[in-house]
Amino acid sequence: MVGFSVKNTTIFNPLDLLCPHYCRGCGQIGEVVCGCCKNYVKTISFYSASDLSPLFESVFAVGWYDGPVGNLIREHKYNSVRSIADVLVEFIDEMLPVFDVEITLVPLPTITSHIRQRGFDHIGVLTHKLAKRRGWSVERCLVRNKNSVQVGVNSGKRREQAKDAYKIGKSLCGEKTYMLVDDVWTTGSSMNEAAKTMRKNGAKRLMSVVLCVNRGKDKGRAIGITSKGIKNEVDNSVS
Ligand SMILES: [Zn+2]
C-alpha cells in the first residue's frame, strides 16, 4: 500500500511554483499524483445513494477525509497548491456516473473571510473545472447570510451555525437537476441547510457531490459508516 503523507500546514510553500511536481503518493517527479498512485486512490472510491441525507436524491463522494483524497484536499485548500485541483476534479469525474440529464452545478458558498485568507475560492475552482470536464453549467444559486465559522467546532455547534446560513442568490427552476458541490462532508449540516433552502425555493431534483466524507476518529462507527459505505447519519435537526 502506498503511504500518502502531506503535512497539514497553512504555510504557503513558494517552491511549489518553482519546482516540478512530485507524486504525493510515491514521490516520483512528474505529476501531482502519478498514474500508478491514481489507481490506488481509485480503489477507495465509492458513492453512496440517498442514505446519507434524505434531502438529496444522491450523495456522491470519492473517498475518506483521513485517506489520500483528504490529504490532497488539505494541500489544495490550505497550502494553495492549485495544480492539485485538476487531480481532484479528475477523481470526481471518474467516480460520477453518466447522467441522462443536464446537470447544473451549484458551489456551496465559502465564507468570504476564508476566501480572503486562502487567496482563492477552492470550491468555486473545483466546481468550474468539473463543469468544464462534463460540459455542465454552473449557477451560483446560493449566497451566505452571515459569516459563520465551521472549522473545528463540534457537530451540535456546526448544526446551530449552519441554520439559516444560506439564501437564494439566483432563482431556481423546478425543471433543472441541481448538484451541490462541496469538498468535505462532516456532519452534513451545511449541505443539508443548503438543500433545505434550495428545496424551499423550487429545486425539485437535487443531488450533491463531495470529495470526501469525514468519518471522524472512530472511523465512522458513531454515525453508522461501515466498510460497505455510509448508512443513516443521525441528524435529527434536519427534516
Ligand atoms: Zn506515485
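FYI, the working numbering numbers position 136 of the sequence shown as 137, with every residue one higher than the one before it. Even glycine gets a Cβ: it sits at the ideal position worked out from N, Cα and C.
Alpha carbon to alpha carbon, how far is residue j from residue i? Give it in angstroms, no decimals.
i: C213; j: K164; result: 22 Å
i: M2; j: Q29; result: Because the pLDDT at M2 is just 35, under 50, the model does not fix this residue reliably, and the value given afterwards should be weighed accordingly. One C-alpha to the other measures close to 16 Å.
i: C174; j: V144; result: 17 Å
i: K177; j: K201; result: 15 Å
i: G36; j: I93; result: 16 Å
i: V239; j: P21; result: Because V239 carries a pLDDT of 29, less than 50, the predicted location of this residue cannot be relied on, and no value is offered for it.
i: V70; j: Y41; result: 11 Å
i: R134; j: W186; result: 23 Å
i: Y179; j: L53; result: 17 Å
i: Y167; j: G136; result: 27 Å
i: L181; j: C27; result: 33 Å
i: V88; j: S172; result: 32 Å
i: T113; j: A204; result: 25 Å
i: N155; j: L97; result: 30 Å
i: T188; j: Y23; result: 33 Å
i: G125; j: E140; result: 11 Å
i: S190; j: A196; result: 10 Å
i: C106; j: C142; result: The sequence shown places Leu at residue 106, rather than the Cys named in the question. Approximately 9 Å, taken between the alpha carbons.
i: S228; j: L73; result: Legend: pLDDT at S228 = 40, less than 50; position of this residue unreliable, value from coordinates given subsequently. Each residue's Cα considered, the two are about 22 Å apart.
i: E161; j: T111; result: 17 Å
i: K8; j: K158; result: With a pLDDT of only 38 at K8, under 50, the local geometry of the prediction cannot be trusted, and the value read off the model is given with reservation. Near 27 Å, if we compare the C-alpha coordinates of K158 and K8.
i: K130; j: H77; result: 14 Å
i: N80; j: K39; result: 21 Å
i: S138; j: A132; result: 6 Å
Please classify residue i: is it buried, with 16 or more other beta-carbons within 10 angstroms of its beta-carbon, or exposed?
i: V63; result: buried
i: S6; result: Confidence at S6 is low in this model, with a pLDDT of 38, below 50, so the placement of that residue is unreliable and no value is reported for it.
i: R25; result: buried
i: V60; result: buried
i: T198; result: buried
i: R270; result: Not covered by the structure: residue 270. The range shown for the chain is 2 to 240.
i: R216; result: buried
i: P55; result: exposed
i: P108; result: buried
i: F100; result: exposed
i: V102; result: exposed
i: E95; result: exposed
i: S209; result: buried
i: E194; result: buried
i: K147; result: exposed
Quick check: is any heavy atom of ligand 1 less than 7 Å from the C-beta of residue i?
i: C35; result: yes
i: Q118; result: no
i: G26; result: yes
i: Q162; result: no
i: C174; result: no
i: C38; result: yes
Spell out whether any CB of chain B is found under 8 Å from the CB atom of residue i.
i: D101; result: Among the protein chains of the structure shown there is no chain B, as only one such chain exists.
Length-filtered (3 minimum) beta strand (DSSP E) runs lying within the segment 50-103: 59-65
Complete alpha helix (DSSP H) runs within the segment 131-183 (minimum length 4 residues, chain order): 156-163
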